[in-house]
Amino acid sequence: MTVSDTPAASAVEEHEVHLLRQMLRIRRFEEKCIELYSASRIRGFLHLYIGEEAVAVGVMEALEPGDAVVATYREHGHALARGISARALMAEMFGKQSGCSRGRGGSMHIFDAATRFYGGNAIVGGGLPIAVGLALADRMQGRERVTACFFGEGAVAEGEFHESMNLAALWKLPVLFCCENNLYAMGTALARSESETNVAVKAASYDVPAWTVDGMDVRAVEDAARRAVAGVRGGGGPYFLELRTYRFRAHSMYDPELYRQKQEVEEWKKRDPIAALVDRLQSGGYLAAGQLEQMETAIAAEIDDAIAFAEAAPLEPVEDLTRFVYSEGSR
Amino acid sequence: MTVSDTPAASAVEEHEVHLLRQMLRIRRFEEKCIELYSASRIRGFLHLYIGEEAVAVGVMEALEPGDAVVATYREHGHALARGISARALMAEMFGKQSGCSRGRGGSMHIFDAATRFYGGNAIVGGGLPIAVGLALADRMQGRERVTACFFGEGAVAEGEFHESMNLAALWKLPVLFCCENNLYAMGTALARSESETNVAVKAASYDVPAWTVDGMDVRAVEDAARRAVAGVRGGGGPYFLELRTYRFRAHSMYDPELYRQKQEVEEWKKRDPIAALVDRLQSGGYLAAGQLEQMETAIAAEIDDAIAFAEAAPLEPVEDLTRFVYSEGSR
Amino acid sequence: MTAPAAARTISYREAMREAIREALQRDPRVFLMGEDVGLYGGCFAVSKGLLDEFGPERIRDTPLSESAFVGAGIGAAMNGMRPIVEIMTVNFSLLALDQILNNAATLLHMSGGQFNVPLVIRMATGGGRQLAAQHSHSLEGWYAHIPGIKVLTPGTIADARGMLWTALEDPDPVLIFENALLYNMEGELAPDAGAVEIARAAVLREGSDVTLISYGGSIPKTLQAATELKGKGVDARVLDLRTLRPLDTESVLASVRETHRAVIVDEGWRSGSISAEIMARIMEGALYDLDAPVARVCTEEVPLPYARHLEDAALPQVPRIVAAVLTVVGAGG
Amino acid sequence: MTAPAAARTISYREAMREAIREALQRDPRVFLMGEDVGLYGGCFAVSKGLLDEFGPERIRDTPLSESAFVGAGIGAAMNGMRPIVEIMTVNFSLLALDQILNNAATLLHMSGGQFNVPLVIRMATGGGRQLAAQHSHSLEGWYAHIPGIKVLTPGTIADARGMLWTALEDPDPVLIFENALLYNMEGELAPDAGAVEIARAAVLREGSDVTLISYGGSIPKTLQAATELKGKGVDARVLDLRTLRPLDTESVLASVRETHRAVIVDEGWRSGSISAEIMARIMEGALYDLDAPVARVCTEEVPLPYARHLEDAALPQVPRIVAAVLTVVGAGG
Ligand SMILES: Cc1ncc(C[n+]2csc(CCOP(=O)(O)OP(=O)(O)O)c2C)c(N)n1
Ligand SMILES: Cc1ncc(C[n+]2csc(CCOP(=O)(O)OP(=O)(O)O)c2C)c(N)n1
Ligand SMILES: [Mg+2]
Ligand SMILES: [Mg+2]
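Below you can see the structure in the form of structure tokens.
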């Protein structure tokens, strides 16, 4: 039986293959980051998204190029899914001038004007008010743009969550709040930080449409995100998505993981969003023989290229240390 | 017909007469404050409670002497109802050493260790975390005491409200949250500051029992407060009361009141908690002829005495300016 | 009816209002956002009347959510608007400090120059109104510690009228501190008064014996002290810093090199006040020009008390300034 | 097995942990509260193991609600407890600044002396770990501006071990800043090491040519600079401020009067740093004892960048300290 005999992938499956590629790019990119971190080529904090890829990939699919994104310190996946090149991202982690933030931000502060990626915020909850403001500006200037704001379930305890939800709802602003509920805030399980553990219920108390979504199923995430984005863009004010997911790795590279059972981690790994999609596509025969391998090869090449680029990239001159404290020529 | 012919007041009505006296003391005290403020004998900010007396009086009735109170800058009523003498209160407003805060706090910062009155907080929402901490200490030390925390509906928009409600509920702390919903935060009506205007619904989203009460009916307030306090003291964690009331006067002495209609104020004045109770008692014949007049006379005397006391009271010596920045002998 | 070219008398409050109105008229991207700036007319009546003129979208009342609406100002500024965020008073700005220090002040740098934050934050500051410990802070000098923001302290009618537009044209975050005691101050304003530069300190009064360095709410007191000193035979120059960050070190040093003596008048708490930074810069740049140690008149290190006599004793007052100057001109050789 | 009387080598982290454990054992009113202090073992592993030993009531994990749990610490302190509130890092303390400045620092005064706040707040501080602009602040000197609180900056093993108990015995709010780079530092600790007084600065190294004034995370760098200077023929004294508020002015002035020259090493941003306050006090109290202007080595005024070479260039480093000292000893006469 030859490759050509595999059933022709429909548009739907082709799209799913695309989703798979996006998730794989993130997974392989971060796996490389672990190596590079151990080799001290990447420094600072490194928060991995491994296990949560379906969330960023699914939501980004629902956004237009003109929309805006606000993320957290755990944002490699969002950056890649949004279209920031692996080169710019890797160079940033290497602290190089060619990095998307010229090496001044690092892993926690990925910024990119071209894709309207407003960071990379390392203060839990700190990005929410900014997202509200981005949306306010779009509203006041009559632009039909959406601002997607990602944050963890731990951020729900912060006052800035409360104030931002209310402000966005009160003013009917085009914000898509994406709560990545991976059950833990560092070592604190949701039940040890919230009296009401149903995050969607909390969001609804601001009069914001709020849905809970299986964050391990990229198609479910994309569907929900598309519906929510349509509502937001249509002037329905903010929407809230609780995306139930799980982080397979430690919180950061320094986390002894005393707060959860290996067993629990293993259970969740069985729901790996990438493996699940691969299974589905393969069982349906929508991945031609060798297609996955080809994809892996292409991704490996992309990442190796990014590393080579990052290594070769120049550093910001030390003389420029105080550049960008104020805008050029403003002082 | 002689006085003795009026039906003997039952215990219930006697208690209501007491409630009336408490509300009247607050009303007359503040009416005097207005005069004194115009005469510049009281300075700084003066936030009047006139119209809202039933709230403080009703809730305080439900508290034990060992319980604690945290209030706002609009706290003359709470202070008097809690048992702080008119003398200590008036002397404080005069900035005298004999004031409950030695003249260092003024109208917005009434404190009294004897009645466990923890102020007098002039930062909207700023008192809520403190109330949570007071309750936490009681819980950790196994004392069955309740901390009553008063704040306006405007404070609900602050992050500190959100964080405090969650913390108190998460740890099941003995806090009675009393939201004085007088419909306005300075000039901002609730509907212009909250996407969800049902304050009790917001409180319930933290899994806290929350009731809405007619804050113009002192008996209704007392009943609700007693039930809530019983729940709190019984270990049921925090309770939340939304007390619907109205401020008859301006926000402070500087407020032009551009944000509401005279008509609206007049409508609410028809529900004056004091007039309502007087009517009820009189129509039921529970106020002996002349009893109200006697009460007024006694209250007027109490207030005149307080003013005389305040005027005669000494000032803190200027040499003591930096006293109480740190505890005596700690430096 | 005064001739069009004549200067007119106007209050600091009206000057601020005119500046806001002009900004709203000149630039459709400008809007005012804060607690009670609209329907209430502004806590200090600065924005009174603007709601009727510009509507609720551009004169935007906010809930009591300092952190969220300051952060929203940051986001709006990064997305094409020119927000003027009013924090009612500096005392409440602490609730928004995370947004100011961790976001507004850092975004341009963290993003490698991609996202500047053309945001203006106005707030009332200062004591002297018997509002006690939580409502009397004077933290503008403290804010001046933060790289990435600029700190303006208009102390004259002309600056109240002219600093806002310059701040709005600045590509980066600018904080404007308005001392609440100045709002009722009246003064002459030139008919052509408009935007002013914010880079330089200004000599408000010439003098050769000593330089009195001050800013914001202490300017009137300092000028009065200079007048009283004249009667005592001391010719004091008054230098208005105007901007606390970046600090115009050159003007300070140049003046000290001429007068060889200086006294700083600063409403901030003494320790760690901006006056300390000025003394440090004088030590670094003009130590050998000094005929006497620089002195400072600051606020006593106490949460401001309500009682009038105690608050008066805590804040810089004309007699304390005069006394400090007399010591300094008497001292040294 | 070492003899009981012998000094032992211990890390700054272990010293802090021992101090916390001892406090929990000695006083039932003491408890530790903060984000991930329990099950996670503490962000910097300082409280590791304490949950098992003392249980979840006294090693209390909190939600991400900095303002609420710091405020709760204030309330608990006023109601008979002795809370140790841990704010994971100073960078997040801005979210609780309203509670610290408007409540903890003012309550005793506003209440006319009725309610003191025996609260201890610990937080990690400082840069140097490539954590970029939002995670590298060094604001202890900035906090020292606030009347009503005390600011401790343990820079030695002995102070890491001994300052906490003294802080807990203090009737008023005490903030303890632990520079994160010090946690792994090891040193000798006397077997009888315990509480230490916090009122005085300490001479960590004798010297007669110049006084190097420093604190906290800059202490090791300053000591190393002194060693290198010795090789260059400069005999530098190292004075550890230990407490930034109240500042031990006497010790600073006494030392300057002996060495006639001084250099301040301070990880805070230059403008408005505690180093400025120290220079101001030297100007006020020992100007005529100076043979040269006091110099300061501070952090460049930039949100700290991630890239190693840029961050290194921004922070005080031994070569910069040495160079500054050589200039100062070369200058003046
Ligand atoms: C205001 C603030 N407090 C504490 C921290 C330290 N911290 C970094 S990540 C984190 C956990 C956040 O959990 P969550 O919001 O669920 O996001 P996740 O890491 O699970 O993606 C904490 C406590 C911080 N960065 N900011
Ligand atoms: C954090 C903070 N923001 C703003 C203010 C100014 N302010 C004082 S009272 C007030 C309105 C509060 O309204 P509400 O909470 O409803 O209480 P009410 O005055 O109606 O009793 C405002 C905005 C303040 N004191 N604190
Ligand atoms: Mg999480
Ligand atoms: Mg209200």
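Residue numbers (numbering that gives the first Met the number 0), protein chains in the order written: chain R, 0 to 330; chain G, 0 to 330; chain Y, 0 to 332; chain W, 0 to 332. Note that beta-carbon positions come from the ideal geometry of N, C-alpha and C, so glycine has one too. All of these numbers come straight from a predicted model, not from anything done at the bench.
Legend entry - Coil, strand or helix - glycine 118(R) by DSSP: Stepping through the first sequence from its first residue, residue 118(R) is reached at position 119. Glycine 118(R): strand per DSSP, three-state reduction.
Inset, instruction - Determine which residues of the region 241-272 of chain G have a Cβ less than 7 Å from any Cβ of chain R, and write them out in chain order. - result: When C-beta distances to chain R are compared with 7 Å, every residue of the region 241-272 of chain G stays at or above that value.
Inset, instruction - May I ask whether a heavy atom of ligand 2 can be found less than 7 Å away from the beta carbon of valine 123(G)? - result: Here residue 123(G) is taken as the residue at index 124 of the second sequence, counted from 1. Correct: valine 123(G) has its Cβ closer than 7 Å to ligand 2.
Inset, instruction - For aspartate 35(W), I'd like the list of residues in its chain whose CB is within less than 8 Å of its CB, leaving aside the five on either flank, ordered along the chain. - result: Here residue 35(W) refers to the residue found at position 36 of the fourth sequence. Leaving aside the five residues that flank aspartate 35(W) on each side, the residues in its chain whose CB is nearer than 8 Å to its CB run, in chain order, Gly41, Cys42, Asp60 and Met87.
Legend entry - chain R within 8 Å of proline 304(W), Cβ atoms only: Indexing the fourth sequence from 1 puts residue 304(W) at position 305. Yes, proline 304(W) lies at the interface with chain R (some Cβ there is under 8 Å from its Cβ).
Inset, instruction - Examine chain R for any beta-carbon lying closer than 8 Å to the beta-carbon of leucine 63(W), and answer yes or no. - result: Locating residue 63(W) in the fourth sequence gives position 64, where the first residue counts as 1. Yes, leucine 63(W) lies at the interface with chain R (some Cβ there is under 8 Å from its Cβ).
Inset, instruction - In the DSSP assignment, find the alpha helix (DSSP H) that holds isoleucine 277(W) and state where it starts and stops. - result: Residue numbering aside, residue 277(W) sits at position 278 when the fourth sequence is read from its first letter. Counting along the chain, isoleucine 277(W) sits inside the alpha helix (DSSP H) bounded by residues 273-285.
Legend entry - Cβ of glutamine 113(W) within 8 Å of any chain Y Cβ: Taking the fourth sequence and counting its residues from 1, one reaches residue 113(W) at position 114. Not an interface residue.
Inset, instruction - Report the option in Ala80(R), Leu45(R) and Arg115(R) whose CA atom is closest to the CA atom of methionine 59(R). - result: As a first step, residue 59(R) is located in the first sequence; it is residue number 60 there, counting from the start. Checked all of Ala80(R), Leu45(R) and Arg115(R); the closest Cα to methionine 59(R) is Ala80(R).
Inset, instruction - Identify the contact partners of leucine 107(Y) in chain R, using a Cβ-Cβ distance below 9 Å as the criterion. - result: Within the third sequence, residue 107(Y) is the residue found at index 108, counting from 1. Near leucine 107(Y) (Cβ distances below 9 Å), the residues of chain R are Phe323, Val324, Tyr325 and Ser326.
Inset, instruction - Report yes if the CB atom of valine 145(G) is closer than 8 Å to the CB atom of proline 128(G), and no otherwise. - result: Here residue 145(G) refers to the residue found at position 146 when the second sequence is read from its first residue. Here residue 128(G) refers to the residue found at position 129 when the second sequence is read from its first residue. No, the Cβ-Cβ distance between valine 145(G) and proline 128(G) is not below 8 Å.
Legend entry - Environment of methionine 0(W) [buried if 16+ CB atoms lie within 10 Å]: Translated into positions along the fourth sequence, residue 0(W) becomes position 1. Residue confidence for methionine 0(W) is low, a pLDDT of 44 falling below 50, so the modelled location carries little weight; the figure read from the coordinates is stated next. By the neighbour-count criterion, in which 16 or more other beta carbons inside 10 Å mark a residue as buried, methionine 0(W) falls on the exposed side.
Inset, instruction - Could you tell me if alanine 6(Y) is buried or exposed, where buried requires 16 or more neighbouring beta carbons within 10 angstroms of its beta carbon? - result: Here the question's residue 6(Y) lines up with position 7 in the third sequence. Exposed, since its Cβ has fewer than 16 Cβ neighbours within 10 Å.
Inset, instruction - To the nearest angstrom, report how far apart histidine 75(R) and glutamate 65(Y) are at their CA atoms. - result: What you label residue 75(R) is simply residue 76 of the first sequence in a count that begins at 1. What you label residue 65(Y) is simply residue 66 of the third sequence in a count that begins at 1. Using only the alpha carbons, I get a separation of about 30 Å.
Inset, instruction - Would you mind giving the Cβ-Cβ distance between glycine 284(W) and alanine 130(G), rounded to the nearest angstrom? I have them listed as a contact below 8 Å. - result: Indexing the fourth sequence from 1 puts residue 284(W) at position 285. Indexing the second sequence from 1 puts residue 130(G) at position 131. So it is not a contact: roughly 45 Å between Cβ atoms.
Inset, instruction - Would you tell me roughly how many angstroms separate the C-alpha atoms of threonine 258(W) and alanine 67(Y), rounded to the nearest one? - result: What you label residue 258(W) is simply residue 259 of the fourth sequence in a count that begins at 1. What you label residue 67(Y) is simply residue 68 of the third sequence in a count that begins at 1. Rounded to the nearest angstrom, the gap between the Cα atoms of threonine 258(W) and alanine 67(Y) is 51 Å.
Legend entry - Residues of the region 122-140 of chain G with Cβ closer than 7 Å to any Cβ of chain W, in chain order: Answer in chain order: Ile122, Gly125, Pro128, Ile129, Ala130, Val131, Gly132, Leu133, Leu135, Ala136, Asp137, Met139 and Gln140.
Legend entry - Limits of the beta strand (DSSP E) - the one that glutamate 265(R) falls within: On the first sequence, residue 265(R) is found 266 positions in, with the first residue counted as 1. Under the DSSP assignment, glutamate 265(R) falls outside any beta strand (DSSP E), being part of the alpha helix (DSSP H) whose first and last residues are 261-268.
Legend entry - leucine 79(R) (DSSP reduced to helix, strand or coil): What you label residue 79(R) is simply residue 80 of the first sequence in a count that begins at 1. Leucine 79(R) carries a helical assignment under DSSP once its states are collapsed to helix, strand and coil.
Inset, instruction - Would you mind reading off the limits of the beta strand (DSSP E) that contains cysteine 297(Y)? - result: Here the question's residue 297(Y) lines up with position 298 in the third sequence. First-last of the beta strand (DSSP E) with cysteine 297(Y): 294-298.
Legend entry - chain Y residues whose Cβ lies nearer than 9 Å to that of asparagine 165(R): Locating residue 165(R) in the first sequence gives position 166, where the first residue counts as 1. The answer, in chain order, is Pro62, Ser64 and Ala67.
Inset, instruction - Within its chain, find whatever has a CB closer than 7 Å to the CB of alanine 223(G); leave out the 5 residues flanking it on each side and keep chain order. - result: By 1-based counting over the second sequence, the position of residue 223(G) is 224. The answer, listed in chain order, is Trp210, Val212 and Leu240.
Inset, instruction - Measure the C-alpha to C-alpha separation of arginine 269(W) and valine 262(W) and round it to an integer number of angstroms. - result: Indexing the fourth sequence from 1 puts residue 269(W) at position 270. Indexing the fourth sequence from 1 puts residue 262(W) at position 263. Linking arginine 269(W) to valine 262(W) through their CA atoms gives a straight-line distance of about 13 Å.
Legend entry - arginine 73(R): CB within 7 Å of a non-hydrogen atom of ligand 1: If you number the first sequence from 1, residue 73(R) lands on position 74. Checking every heavy atom of ligand 1 against the Cβ of arginine 73(R), one is found closer than 7 Å.
Inset, instruction - Give the single residue among Gln290(G), Cys148(G), Tyr48(G) and Ala167(G) whose Cα lies nearest to the Cα of glycine 235(G). - result: Position 236 of the second sequence holds residue 235(G). Here the closest residue by C-alpha is Ala167(G).
Inset, instruction - Might you give, ordered along the chain, the residues of its own chain that have their beta carbon closer than 7 Å to the beta carbon of methionine 0(G), omitting 5 neighbours on each side? - result: On the second sequence, position 1 is the one that residue 0(G) refers to. Note that methionine 0(G) scores a pLDDT of 39, beneath 50, so its modelled location is shaky; the value from the coordinates is reported in the next line. Around methionine 0(G): no qualifying Cβ.
Legend entry - Where the region 36-65 of chain Y meets chain R: residues whose CB sits under 7 Å from a CB there: Correct list: Glu56, Pro62 and Ser64.
Inset, instruction - Below 7 Å between beta carbons is the criterion; list the residues of the region 72-99 of chain Y that meet it against any residue of chain R, in chain order. - result: Within the region 72-99 of chain Y, the qualifying residues are Gly72, Ile73, Gly74, Ala75, Met77, Asn78, Gly79, Met80, Asp97 and Gln98.
Legend entry - Contacting residues, own chain, Cβ-Cβ under 6 Å from arginine 24(R) (five flanking each side not counted): Taking the first residue of the first sequence as position 1, residue 24(R) is located at position 25. Once the five neighbours on either side are set aside, the close Cβ partners of arginine 24(R) are Leu79 and Ile298.
Inset, instruction - Give every residue of the same chain whose Cβ lies closer than 6 Å to the Cβ of glutamate 276(Y), excluding the five residues on either side of it in the sequence, and list them in chain order. - result: Here residue 276(Y) refers to the residue found at position 277 of the third sequence. The beta carbon of glutamate 276(Y) sits closer than 6 Å to none of the beta carbons in its chain outside the five residues before and after it.
Inset, instruction - Go ahead and pull the three-state DSSP assignment for proline 219(Y). - result: Within the third sequence, residue 219(Y) is the residue found at index 220, counting from 1. Annotated three-state conformation of proline 219(Y) is helix, per DSSP.
Legend entry - Pair within 8 Å by beta-carbon distance, alanine 90(R) and alanine 312(R): Indexing the first sequence from 1 puts residue 90(R) at position 91. Indexing the first sequence from 1 puts residue 312(R) at position 313. A distance below 8 Å separates the beta carbons of alanine 90(R) and alanine 312(R).
Legend entry - Contacting residues, own chain, Cβ-Cβ under 8 Å from phenylalanine 308(R) (five flanking each side not counted): Taking the first sequence and counting its residues from 1, one reaches residue 308(R) at position 309. Shown here for phenylalanine 308(R): same chain residues with a beta carbon closer than 8 Å to its own, the five before and five after excluded, namely Arg86, Met89, Ala90 and Ser97 in chain order.
Inset, instruction - Following the continuous alpha helix (DSSP H) through aspartate 164(G), name the residue where it begins and the one where it ends. - result: Start at 1 with the first residue of the second sequence, and residue 164(G) comes out as number 165. The question names aspartate, yet the displayed sequence has methionine at residue 164(G). For methionine 164(G), the enclosing alpha helix (DSSP H) begins and ends at 158-169.
Legend entry - Exposed unless 16 or more other CB atoms sit within 10 angstroms - verdict on asparagine 90(Y): Sequence index remark: in the third sequence, residue 90(Y) carries index 91 (1-based). Buried is the call here.
Legend entry - Three-state secondary structure (DSSP) of methionine 87(W): As a first step, residue 87(W) must be located in the fourth sequence, where it is residue number 88. Three-state DSSP puts methionine 87(W) in a strand.
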